[in-house]
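*Asks:*
Structure (structure tokens):
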């Protein structure tokens, strides 16, 4: 879907492009995954609004297009829909928009030669392009380096026959959604289920990260805490040994003073996720990888850091906002694809970014900012990552919508070095019970930067330096129209417009969980990034 979304915007602008796919249908991944066929992407059909962009905030499956009536909600009525519905929707999307896709074309090697790329297909066909966009997703199962891992069954091809697990003791390696989805599938049949990984569970309702464990998959946690034989282990799997028709697994616990224990199982299932498959690239054309080789390493414009004119679309763009926003999921990367299309059109085709002018007036810019945060899908679904920018040109503001924040702050727009950047963001990490958070009073606007829930943030950058920040206080229904939202923001713009040449640097609050994400100097320090990812 990331590649199809990009193709839609290229086609809309009459750009010469070709999509290659090894399968015979678009979105073929969803014919197999998730294995148990229930999506965890929300299909919210009703919002009480007739504003198309606002409705896309709560539609996690539709791709962007100009036809507001062509939406995924026509294909499935369930809040958590069936994966087959997404397959049908994606196929109709490609056909409806006449996307230029060549199926049954499996690329065996990609080689850079001069200023172009040559793609060799298994059937002998060759394709050459100046600009290569890779949207292959995370297609390679992640297999942990564990002695005896060959005795496990992988999530990608394990049996779905529940009867095969009757009265069996089962270990599941992994504690994210695929692991819990699998446990949920067999809980009525198995005698015992253990889920194991070195890290503790991170619940999406606490972290605000949709890739963490979702409530739809967490029923088995009740059976653990209420002592129904199932358990969740924070432990390292040291070895898996074959003992007749049983498997003996050696663990080292993380919260039991390093205790080592051996436990016997009938089956061990490996549900450790997926990573980017770089095997189709020639050695001298292979993109740099990060996060333990899970994602390609990218510049803020979605381009490979080491392969010029090689860009990425879809879930693989998640390296830019890993665990911070939603680029790993349709409702996030659809906005990345639109931004990428706009950047490609600007750079290679000379098509200017869409923009409009606002008078140099605090009231007018306040009105525009609040209208955007009350309706924009991209700002809402890509918190802290996708941003709008108001460029101070001297005579007014030039307003440009929805580009990567780090791309905006690393560039001079429209000949100006005075930028106002708008995002929607969550507050500091929640400590303790996320359902018992002490919130600030809605009239306490001076403490708006302590807002926990998604709320607007405006930052001013002058000559590339952050010089001011304003948080708009959070709102229960995420509708910023009251005086406590409008007046402080307007006052902020009045102060900033009077300060034509700010000289002091604003010291932004930094939290340990997002230091690397917000600091561009640290963005590409792989050692620190991997250390963070590994806890």
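Residue numbers (this note's numbering): 9 to 543.
Backbone N, C-alpha and C define an ideal beta-carbon position, used for all residues, glycine too.
1. Which first and last residues belong to the beta strand (DSSP E) in which residue 318 is found?
2. In chain order, what are the residue ranges of uninterrupted beta strand (DSSP E) at least 3 long that sit wholly in the segment 66–132?
3. Closer than 7 Å by C-beta to residue 192: which residues in its own chain qualify, once you throw out the five before and the five after it? Chain order, please.
4. Check whether the Cβ atoms of residue 21 and residue 357 sit closer than 9 Å, and answer yes or no.
5. Looking at the structure shown, is residue 19 part of a helix, part of a strand, or coil, going by DSSP?
6. Spatial neighbours of residue 140 within its chain, please: C-beta separation below 6 Å, excluding the five flanking residues on both sides.
7. I'd like the span of the beta strand (DSSP E) that includes residue 477, first residue to last.
8. Going by DSSP, name the residue or residues bridged to residue 463.
9. Leaving out the 5 sequence neighbours to the left and right, which residues in its chain are closer than 8 Å to residue 343 when beta-carbon positions are compared?
10. I need the boundaries of the beta strand (DSSP E) containing residue 180, first residue and last residue.
11. If I measure Cβ to Cβ from residue 96 and keep anything under 7 Å in the same chain, skipping five residues before and after, which residues do I get?
12. Quick one: what does DSSP say residue 242 is sitting in, helix, strand or coil?
13. Confirm, please, whether the CB-CB distance from residue 261 to residue 283 is below 9 Å.
14. Quick one: what's got a C-beta closer than 7 Å to residue 101's C-beta in the same chain, skipping five residues either side?
15. Hey, could you find the ends of the beta strand (DSSP E) residue 271 is sitting in?
16. Leaving aside the five residues before and after residue 546 along the sequence, list all residues of the same chain whose C-beta is less than 8 Å from its C-beta, in chain order.
17. Give the DSSP bridge partners of residue 364, in chain order.
18. Using 8 Å for Cβ pairs, my map puts residue 31 next to residue 111. What's the rounded Cβ distance?
19. CA-CA distance, residue 113 and residue 28?
20. On the three-state DSSP scale, how would you describe residue 389?
21. Which class does residue 522 belong to by DSSP, given the choice of helix, strand or coil?
22. Three or more beta-carbon pairs under 8 Å between the segment 374–383 and the segment 308–322, yes or no?
23. In terms of residues, what are the limits of the alpha helix (DSSP H) holding residue 151?
24. Quick one: Cα of residue 175 to Cα of residue 159, how far?
25. What is the DSSP secondary structure of residue 60, reduced to helix, strand or coil?
26. Mapping the DSSP letters down to three states, classify residue 202 as helix, strand or coil.
27. Considering just the uninterrupted stretch of the alpha helix (DSSP H) at residue 254, what are its terminal residues?
28. What is the DSSP secondary structure of residue 493, counted as helix, strand or coil?
29. Could you spell out the range, first to last residue, of the alpha helix (DSSP H) harbouring residue 193?
*Replies:* Answer, in terms of the structure:
1. 318–320
2. 115–121, 124–129
3. 225, 227, 228
4. yes
5. helix
6. 125, 318
7. 473–479
8. 433
9. 72, 385, 386, 389, 390, 394, 410
10. 177–181
11. 83
12. strand
13. no
14. 12, 71
15. 268–273
16. For the chain, the structure presents residues 9 to 543; residue 546 sits outside this window and is missing.
17. 407
18. 6 Å
19. 6 Å
20. helix
21. Note that residue 522 has pLDDT 43, beneath the 50 cutoff, so the model's placement of it is unreliable and the number below is only indicative. Coil.
22. no
23. Where residue 151 is concerned, there is no enclosing alpha helix (DSSP H), given that its DSSP letter is neither H nor E.
24. 20 Å
25. helix
26. strand
27. Where residue 254 is concerned, there is no enclosing alpha helix (DSSP H), although the beta strand (DSSP E) it sits in stretches over 254–261.
28. helix
29. 185–194
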